[in-house]
Structures are given as C-alpha cells and as structure tokens.
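Chains as they are written, first to last, in our numbering: chain A, 20 to 352; chain B, 20 to 352.
Don't be surprised by glycine CBs; every beta carbon is placed ideally from N, CA and C.
Here the structure comes first, spelled out in structure tokens, and everything after it is commentary.
Number of protein chains: 2
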Amino acid sequence: MTELTRRTVLAGAGAAAAATAFTPFATSTARAAAPSAGAQAPGFYRYTVGSYECTSINDGARSFPLPDTFVTNVPKAEALAAAQAAYMPNGMVTVPFNPQLINTGSKLVLIDSGNGIATFGPSKGAVGRTLQNLAAAGVDAKSIDIVLISHLHPDHTNGIRAADRSMAFPNAEIMVPAKDWEFWMSEENAAKAQSNEMMKNYFANVKNIYTGIESNVTRYDWGKEVAPGITSVAAPGHTPGHTAFVIASGSSSILIQSDVTNIPEFFLRNPDWHVAYDLDPEQAQATRHKFYDMASAEKALVVGFHFTFPSMGHVEKDGTKYRLVPIAWNPVI
Amino acid sequence: MTELTRRTVLAGAGAAAAATAFTPFATSTARAAAPSAGAQAPGFYRYTVGSYECTSINDGARSFPLPDTFVTNVPKAEALAAAQAAYMPNGMVTVPFNPQLINTGSKLVLIDSGNGIATFGPSKGAVGRTLQNLAAAGVDAKSIDIVLISHLHPDHTNGIRAADRSMAFPNAEIMVPAKDWEFWMSEENAAKAQSNEMMKNYFANVKNIYTGIESNVTRYDWGKEVAPGITSVAAPGHTPGHTAFVIASGSSSILIQSDVTNIPEFFLRNPDWHVAYDLDPEQAQATRHKFYDMASAEKALVVGFHFTFPSMGHVEKDGTKYRLVPIAWNPVI
C-alpha cells in the first residue's frame, strides 16, 4: 500500500513508468484520447460595482530573468528571495498586466490598454492579449467609448494601437493624465533623458504611439469625474501624472490602484522597495503608504494592474508592510 | 484636487451622483453602451504535468450561512472570524468545488465529478457547472475514459449522472475507492446511521446515485497506478476510503489532495479544526498533518477540490499551521 511519504511522491514518476508494462492501460486498445488543447482559458473575469458590470481583462504576463536593478534599493539577492517565495520561475520575475473594462450602463470604459500586440511582436503571445480577451468576453473593440489611461508607460498605453498601427478602439475617446502628457510630450524633458536608456525609450515610445493623434487625446486632471462614476485620484511618483481611480455606483466602490505598486509580491509586501520604473521613487513610496493605509483601513476592494489575474484583492496592514488577500473566484456574478 | 483620503473614497458614490448634472456625460447623446453580459467567464484553467495536459474544472461555489457546527471543535465565533478574515460574504461560508481533468495522452481522466446538476436543482446555477465548463474547455463528455472518484460524498460523485439521471459520461469507466464502496454500500452501516441526519442522507445519496450501475463500477485500492501516471494514495479520515492522488509524468508531479482539507481558509490555516463532514475527525487531522508536512517539505504543487478556482497552490508550514500560496494565473500553458 502506498504510504503518504516523501518517497511516495518522489518515486511517483519512476513508479508510473515502471508500472506501465504491468497495467491494463498499456495493452488495452484505448480510444484515442482527446488531443491536447494547447491553449489557456480566456483571461477575463466579471464582477459588479453597484449597477456597473466590470471585467478584468488579462493582457498576459511576462516572466524574465530578474534584472540586477529591478529593485533599485535592495540587494538583488533579496529581490530574488521574494521571487522564489512567490514560486516564480527559478531566477525570474513574473509581471502580469490587467486592464479593466467598466460598463457604466451608458459608457464602456477601458482603463489602460495593455502592451499592445506590437510591443513585443505578435509571436511572443504572452502579452498583448487584451483584444483577444475582450473578444472572448464578447466585447467588440468598436464598442469601447473611452480608453482611460492611468499613465504613459508602454504596458498601459501601447494597446491603443493595433498591430498595423491603426486605432485598436476606433470609436473611443483616449483620455490621458494632463500631467503625464505635459511631462512626456516635452521636447526639453526628452532631450534631458537621452543619457538614460530606459527614459529615452519611454519618451520615444510616447512619441511613437501618440504622433498623429495628439489633437484627439483628451487630457484629464485629478479629482474629476472623468467618466460616469469614475473619479481620477492623484497618485504621483511612479510617473508625474500617475493616476489611480475610484469606481463608484450606488453605495459600492472599488479602487483601481494602477501602478501604486508594481507586483505585490515585491512592492506591497515591501512598500519601501523601489521598482526601477518609478520616476520619483521617494514620492511613489509615500503615495504607496498613503494609498494602502487608506485602502486597508477602509477594507476596500483593490484592483491592481500588476496583480495576478483576476487582479483583485483586499489589502491588510502587517506591521510596516502590507499583505494582499486575493479575492475568491466567483462562478456567478 | 481629489486627495487620497478616506473621505475621497467614501464620498465617491455621492460625488459621482452630484457631479452627473455638470459633466458632459449626462447631456451627450451617448451611443448605447454594450449590454451587460450577466455571466461569468468559463471556469476552466489549463496546466501541464510533464507531458500531461491538465484542466482545473470549476463546478461552482456555494455560499451559505455558516452552520453552528461547520467546525465541530471550536466555537462558532472563531469560525466566523476565519470566514471574515477571508472576506467571505457576511455571516456566510463559501465552499468551492473543482474536479480535475487529466489528459495523459492515452486516457482522459476526470478526477471527481462535482455536485451534479440534480443535487441543488438546475435553477441554483452556482454549482453543478462541471459539464458546462468541460464544454467550454472544448471537452465532449462522451470522450471521458475514466471518472476517478476520490470518495463517495455527493459533491464529488453526484456529477456522474446528468439531470435526467442518465450517465453524464456515457463511455467512462467509473472508479471508486474500494474501502468507501464497502463502507457506504453496507446495509448494516446504513441502518446504524439512521439516527444521524447527515449520515442518513449520505447513505441514501450513494444508493440513489449507484443503484443500477453497481456492476459497472470499478473498485480501486490504495497504492496503485489506477490510471496511467495516476497513483492512489491513502488519505483516510474524511471518509474510510478517502483518497488523494499523485499525478506524475516525466520528472514532474503534482498532488491532488481531494478533501484532505475542506476550505483552506479554515482547515489548512487551522489543521486541527474538524469539519462537520469528517467521519473520523481525529484520523482526518492526522492525515492532514502527514500530507502537508510532506507536501510543504517537497514544495509540491497541490490541487485542492475546495480551494478557490483555479484551486492550486503551494503550501508552507507556518508554526503549527499551514499557509496556502495560490499559483499565479498563467496566460499561456
């Protein structure tokens, strides 16, 4: 009899192989098993906020070798330990991407647009899945009324263009934070950034994505109801105009944290760690504490662009750190 | 400017309502927004074990008022606190159900079958979703070769029958643990159980489901390769024949814990708590420690029938307790 021991599990594979010749399965004329599907389930998840029907849309996830400077203010070994504690692939960090679709009843609003198919090339497949997951959710890209961008980083904004550079959401108003627009469209700022490879690329990317459509872009300020029931909330640091959102309908509300933290396994658990992508890491850190002290006190439901799909949870204070409690999957809405 | 304060979030809904008259949205001739979908995404999730393609199939989840005796050996208030710590609906407990489909390349094996449509009536909708989620995953119920039952409780076994009582998987061999079959099919045991409402119902349910197909049911023992690469592992206590499984292919393996714990928020976090459904709670508790001491030492990937969908994670020792680290959603397989 198989006892529940370490040996059992370790021996599992070998035992299975050895046993094959002696089981009926090897000799029976089996019907052909169903072929492998080879594809993941569609990445969308529905939830409601009052009368609003919302959908978390997975743009994919990237796993890549942990860069030496992914976390700028702790030794790489510490970051690697955090990755391993989260069971990320060995030596790598995994960053997911999740735009949110808000159906207010009168407007269909997509908050952030994902990496776009063009960013890493269509063959990469692991990201740029927003259009296909919207389609899987039964949503026609032409029906989107507003694309509401939290900040002008490539993984949030590049999805506004399809692979052929046409507008992926042809009937949508594109709304961007005024402060980010001012910062990233400044030739003076771009010139100053030429010595920093990452910043140079960011400026070039904004130019690449927005050239030719400048006059069709709406700039929004903080503290405004930028779409029905959707209020822009100042969350600067990650970028100068980085914006979070409150979605409110009836007596219900949720917080869209955008990039207040990058991956929670690193930067929510360790809110004083600085991700390489923060333009003003000290300000981003202060914003992070302010946001999560509030969110945890309110027991607010928080959506994180870089939380693992379906990218929602409650956040609790844990001494000087925070802890994410992911939501339970709800099979009905 | 909206500051990031508790007032902001609390005022969100009111502010949104008040602001409506002053925003362009109220007066614009909006295109009709997309209608609400009203339905959740399909509940299936693919993963691989060596060359095997596996699919976690969500049968649904039930939320119900926490019974006084759901946890038999701690005060109800403690159980309620655990439910609230997991953000379950107020005063309620949520129990998810997740059969697993294993495609070995030669056999299509469904481990446990869910509640069945008939159990709570088709109108309930929240459970009995295995057939529809298999269909969503592109799997024809007729193509299932083996239904491998971990134990003879209704939520694991009733799905072998369709709503009209016909066999839901008409070409499948039904395999049940020999020790459970012996226990639940015994008229003597059934007679002794008549004074216990839960046990009486369990015995009646086994009779209801298996009458007429007795001769077609295969009884399996522990420590056997019951299907290619799938080994049955003794895990008694929850029921006399309750079985866990090791799935092994190549150098990879995972553990299917079945009901070694019911919901992890209660019984993995507190492995000495007894769920009302355990027939021999002391034995179940011992099995739980043995299983999870091993699984945590091995850093094994564990699938839990009652873990929230997609129902997989790593389990770590945390003093005398355990902690589940759910897997990150993988958008590709």
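Check: Burial state of residue 198(B) (16 or more Cβ within 10 Å); Outcome: buried
Check: Residue 4(A) - partner residues in DSSP beta bridges; Outcome: Beyond the ends of chain A as shown, which are 20 and 352, falls residue 4(A); an answer cannot be given.
Check: Partners in chain B for residue 61(A), counting only beta-carbon separations shorter than 8 Å; Outcome: 60 and 61
Check: Proximal chain B residues relative to residue 333(A), where beta-carbon distance stays under 7 Å; Outcome: 106
Check: Beta-carbon proximity of residue 177(B) to residue 130(B), cut-off 8 Å; Outcome: no
Check: Whole-Å CB distance - residue 174(B) paired with residue 192(B), under 8 Å assumed; Outcome: Between residue 192(B) and residue 174(B) the Cβ distance is about 21 Å, and since that is not below 8 Å, they are no contact.
Check: Classification of residue 211(B) by the beta-carbon crowding that lies within 10 angstroms, buried from 16 upward; Outcome: exposed
Check: Chain B contact for residue 348(A) (CB, 8 Å cutoff); Outcome: yes
Check: Minimum Cβ-Cβ distance from residue 127(B) to chain A less than 8 Å; Outcome: yes
Check: Interfacial residues, the region 187–217 of chain A to chain B, with Cβ spacing under 7 Å; Outcome: none
Check: CB of residue 157(B) within 8 Å of CB of residue 56(A), strictly; Outcome: yes
Check: Selected residue, minimal CA-CA separation from residue 235(A), among 328(A), 244(A) and 166(A); Outcome: 166(A)
Check: Span of the beta strand (DSSP E), counted from its first residue to its last, around residue 99(B); Outcome: Unbroken run through residue 99(B) is the alpha helix (DSSP H), 95–104; no beta strand (DSSP E).
Check: C-beta neighbour in chain A for residue 142(B), strict 8 Å; Outcome: Bear in mind that a pLDDT of 43 at residue 142(B), under 50, signals an unreliable position, so the number given afterwards is only what the model happens to contain. It does not: the Cβ of residue 142(B) has no partner Cβ on chain A nearer than 8 Å.
Check: CB of residue 347(B) within 8 Å of CB of residue 113(A), strictly; Outcome: yes
Check: Test: residue 110(B) CB closer than 8 Å to a CB of chain A; Outcome: no
Check: Distance CB(residue 136(A))-CB(residue 182(A)) smaller than 8 Å; Outcome: yes
Check: 8 Å Cβ cut-off: residues of chain B touching residue 77(A); Outcome: 348 and 350
Check: One or two residues paired with residue 337(A) in a DSSP bridge; Outcome: 340(A)
Check: Residue 89(A) at chain B interface by Cβ criterion, 8 Å; Outcome: no
Check: Residue from 107(A), 213(A), 257(A) and 121(A) with nearest C-alpha to residue 265(A); Outcome: 121(A)
Check: Proximity of residue 293(B) and residue 283(B) at Cβ, strictly below 8 Å; Outcome: no
Check: Chain A contact residues for residue 344(B), given Cβ-Cβ distances below 9 Å; Outcome: 104, 105 and 106
Check: Buried versus exposed, by CB contacts within 10 Å (16 or more), residue 141(A); Outcome: With a pLDDT of 47 at residue 141(A), under the threshold of 50, the modelled position of this residue cannot be trusted, and the question is left open.
Check: Cβ pair count under 8 Å reaching 3, the region 266–286 of chain A against the region 321–338 of chain A; Outcome: yes
Check: Interface flag, residue 72(B) vs chain A, CB-CB below 8 Å; Outcome: yes
Check: Within-8 Å CB hit, residue 323(B) to chain A; Outcome: no
Check: Minimum Cβ-Cβ distance from residue 296(A) to chain B less than 8 Å; Outcome: no
Check: For residue 269(B) and residue 68(B), the rounded distance between their alpha carbons; Outcome: 8 Å
Check: Buried or exposed by the 16-neighbour rule on C-beta atoms within 10 Å, applied to residue 94(B); Outcome: exposed
Check: Residue 123(A) in three-state terms, based on DSSP; Outcome: coil
Check: Test item: CB-CB of residue 239(B) and residue 290(B) under 8 Å; Outcome: no
Check: Where residue 130(A) falls: helix, strand or coil (DSSP); Outcome: strand
Check: Chain B within 8 Å of residue 162(A), Cβ atoms only; Outcome: yes
Check: Per-residue burial, residue 201(A) [other beta carbons within 10 Å of its own, 16 or more giving buried]; Outcome: exposed
Check: Pair within 8 Å by beta-carbon distance, residue 60(B) and residue 63(A); Outcome: yes
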